[in-house]
Amino acid sequence: MSADAHHVAAAGHGHHDAHSEGGHGSFQSYMTGFVLSVILTVIPFWLVMGNVLDNSLVTTLVILALGGVQMVVHIIYFLHMSTKSEGGWTFLSLIFTITLVVIMLAGSVWVMYHLNHNMMPMDAHDVMNNAR
Amino acid sequence: MMHADTAPPGAAAPVFYQTDEEGHHSEGSTMLGFWLYLMSDCLIFATLFATYGVLGRSYAAGPTPKELFDLPGIAVNTAMLLFSSITYGFAMLEMDRDRIKQTQIWLAVTGLFGAAFVALEIREFVHLFHEGAPPWRSAFLSSFYTLVSTHGLHVSMGILWLIVLMVQVGKHGLIVENKRRLMCLSLFWHFLDLIWIGVFTVVYLIGVLE
Numbered sequence: 638m639s640a641d642a643h644h645v646a647a648a649g650h651g652h653h654d655a656h657s658e659g660g661h662g663s664f665q666s667y668m669t670g671f672v673l674s675v676i677l678t679v680i681p682f683w684l685v686m687g688n689v690l691d692n693s694l695v696t697t698l699v700i701l702a703l704g705g706v707q708m709v710v711h712i713i714y715f716l717h718m719s720t721k722s723e724g725g726w727t728f729l730s731l732i733f734t735i736t737l738v739v740i741m742l743a744g745s746v747w748v749m750y751h752l753n754h755n756m757m758p759m760d761a762h763d764v765m766n767n768a769r
Numbered sequence: 163m164m165h166a167d168t169a170p171p172g173a174a175a176p177v178f179y180q181t182d183e184e185g186h187h188s189e190g191s192t193m194l195g196f197w198l199y200l201m202s203d204c205l206i207f208a209t210l211f212a213t214y215g216v217l218g219r220s221y222a223a224g225p226t227p228k229e230l231f232d233l234p235g236i237a238v239n240t241a242m243l244l245f246s247s248i249t250y251g252f253a254m255l256e257m258d259r260d261r262i263k264q265t266q267i268w269l270a271v272t273g274l275f276g277a278a279f280v281a282l283e284i285r286e287f288v289h290l291f292h293e294g295a296p297p298w299r300s301a302f303l304s305s306f307y308t309l310v311s312t313h314g315l316h317v318s319m320g321i322l323w324l325i326v327l328m329v330q331v332g333k334h335g336l337i338v339e340n341k342r343r344l345m346c347l348s349l350f351w352h353f354l355d356l357i358w359i360g361v362f363t364v365v366y367l368i369g370v371l372e
């Protein structure tokens, strides 16, 4: 019984700790997030505006990766997301949402790309001939 | 006299569970609920991004992103939103120290950066209309306007919310309810900046690239 009481007390204490930590960060964490964001914003703009890389496919992949990293930086330093906030529920819902988003984005683009490919009308020349 | 809760001899003592947490309960569930709203909002943006991903190359012989988008302008827009994020962070730090005046000042600065962002976006849209690129010109432009203006509408609503909260804080001070509201708006505001990362990367930078 005393073990039970101790458990309840510990849980209550843990909750309180999580609560006082969650929500907002320190000046330092905001500045870290800000500086990282500035760097991660300037690099892709510089890559595209300065035509730094010759290969546009490589540039696309690099700026997508940098965008992804910057989103993680925002989630950690601005949204103060951690695996422990709200007892792990926010993290769980975030993972669930990311899964849905990835399925939605990759699925749509993939399916519609193939649809466009397979249902491609005859090339413009044939279309014009048929129209006549 | 035997108390009703006392267990009969030999039986295990009854164990009571606290099903409803007291005190911080409503605040905790509000933050979780608001987070869930943001996740559903995230899905709205995901569908709009998917639509843009599918239709973003269907120009219908109309203008292409390369001809339309002005990257220096977009960079300024991005900076406005990023500055507003950090100033909102400063407002939250002042809120933690219960300094009403400083909190209000940083909130006002945040609102001004947000307003600058919306103004620049409207200016960009007006410019695009003059360039002969209204939403009905091509599937690319329809999906572009839908995605970007949905984000812009969110920012505008965020500014409205910010003004309402500044009035609330001015009237009632930094009471628990107002702190909770400011924390919700904080999540909303930073979330919009996060969506904007996707917009400037996928729509503007990659659009100009190809």
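Residue numbers (this note's numbering), protein chains in the order written: chain A, 638 to 769; chain B, 163 to 372. Note that CB positions come from ideal geometry on N, CA and C, so glycine has one too.
{"query": "Out of curiosity, what's the CA-to-CA distance linking VAL746 of chain A and ASN692 of chain A?", "result": "22 Å"}
{"query": "Can you tell me which of the three DSSP states TYR221 of chain B falls into?", "result": "coil"}
{"query": "Since ASN239 of chain B is in the alpha helix (DSSP H), which residue starts that stretch and which ends it?", "result": "233 to 258"}
{"query": "Taking 8 Å as the threshold (C-beta atoms), are THR249 of chain B and THR272 of chain B in contact?", "result": "yes"}
{"query": "CB-CB under 8 Å to ARG259 of chain B, same chain, minus the five flanking residues each way: which ones, in chain order?", "result": "none"}
{"query": "Using a 10 Å radius around the Cβ and a threshold of 16 neighbouring Cβ atoms, would you call MET319 of chain B buried or exposed?", "result": "exposed"}
{"query": "Could you work out which residues of chain A lie near SER247 of chain B, taking near to mean beta carbons separated by less than 7 Å?", "result": "PHE715"}
{"query": "Flag this pair as yes or no: are the beta carbons of LEU367 of chain B and THR678 of chain A separated by less than 8 Å?", "result": "no"}
{"query": "Please list the residues of the region 662 to 687 of chain A that have a C-beta atom closer than 9 Å to any C-beta atom in chain B, keeping them in chain order.", "result": "GLY662, SER663, PHE664, SER666, TYR667, MET668, GLY670, PHE671, SER674, VAL675, LEU677, THR678, VAL679, PRO681, PHE682, LEU684, VAL685 and MET686"}
{"query": "Relative to the C-alpha of THR209 of chain B, which candidate in A:ALA702, A:ILE713, A:VAL699 and A:THR734 has its C-alpha closest?", "result": "A:THR734"}
{"query": "Compare the C-beta of LEU742 of chain A with all C-beta atoms of chain B and state if any pair is closer than 8 Å.", "result": "yes"}
{"query": "Out of B:MET257, B:ARG342 and B:VAL280, which one is the CA nearest neighbour of LEU269 of chain B?", "result": "B:MET257"}
{"query": "Across the region 333 to 341 of chain B and the region 200 to 219 of chain B, are there enough close Cβ pairs to call them in contact, namely three or more that are closer than 8 Å?", "result": "no"}
{"query": "Against chain A, with Cβ distances strictly below 8 Å, would LEU194 of chain B count as a contact?", "result": "yes"}
{"query": "Classify HIS313 of chain B: buried if its beta carbon has 16 or more other beta carbons within 10 angstroms, exposed otherwise.", "result": "buried"}
{"query": "Skipping 5 residues on each side, what residues in its chain have a beta carbon closer than 7 Å to that of THR696 of chain A?", "result": "LEU684, VAL685 and LEU690"}
{"query": "Assuming THR363 of chain B and SER305 of chain B form a contact by the criterion Cβ under 8 Å, report the distance between their Cβ atoms to the nearest whole angstrom.", "result": "Wrong, their Cβ atoms sit about 16 Å apart, outside the cutoff."}
{"query": "For MET756 of chain A, go through chain B and note every residue whose CB falls closer than 8 Å to its CB, in chain order.", "result": "Here the premise fails: no neighbours, minimum Cβ distance about 13 Å."}
{"query": "Among the residues of its own chain, which have a CB less than 8 Å from the CB of LEU354 of chain B, if the five just before and after it don't count?", "result": "LEU243, HIS313, HIS316, VAL317 and GLY320"}
{"query": "Strictly under 8 Å for the Cβ-Cβ distance: is LEU371 of chain B near chain A by that measure?", "result": "yes"}
{"query": "Could you tell me how far apart the beta carbons of GLU723 of chain A and MET193 of chain B are, in whole angstroms, since I believe they sit closer than 8 Å?", "result": "6 Å"}
{"query": "Any contact of the region 222 to 229 of chain B with the region 287 to 305 of chain B, i.e. 3+ C-beta pairs under 8 Å?", "result": "yes"}
{"query": "Look at the alpha carbon of LYS341 of chain B and the alpha carbon of THR727 of chain A, and state the distance between them as a whole number of angstroms.", "result": "20 Å"}
{"query": "State the Cα-Cα distance for the pair GLU293 of chain B and LEU282 of chain B, rounded to the nearest angstrom.", "result": "16 Å"}
{"query": "Please list, in chain order, the residues of the region 279 to 306 of chain B that have any C-beta partner in chain A closer than 8 Å.", "result": "none"}
{"query": "At the level of alpha carbons, what is the spacing between SER666 of chain A and ILE357 of chain B?", "result": "21 Å"}
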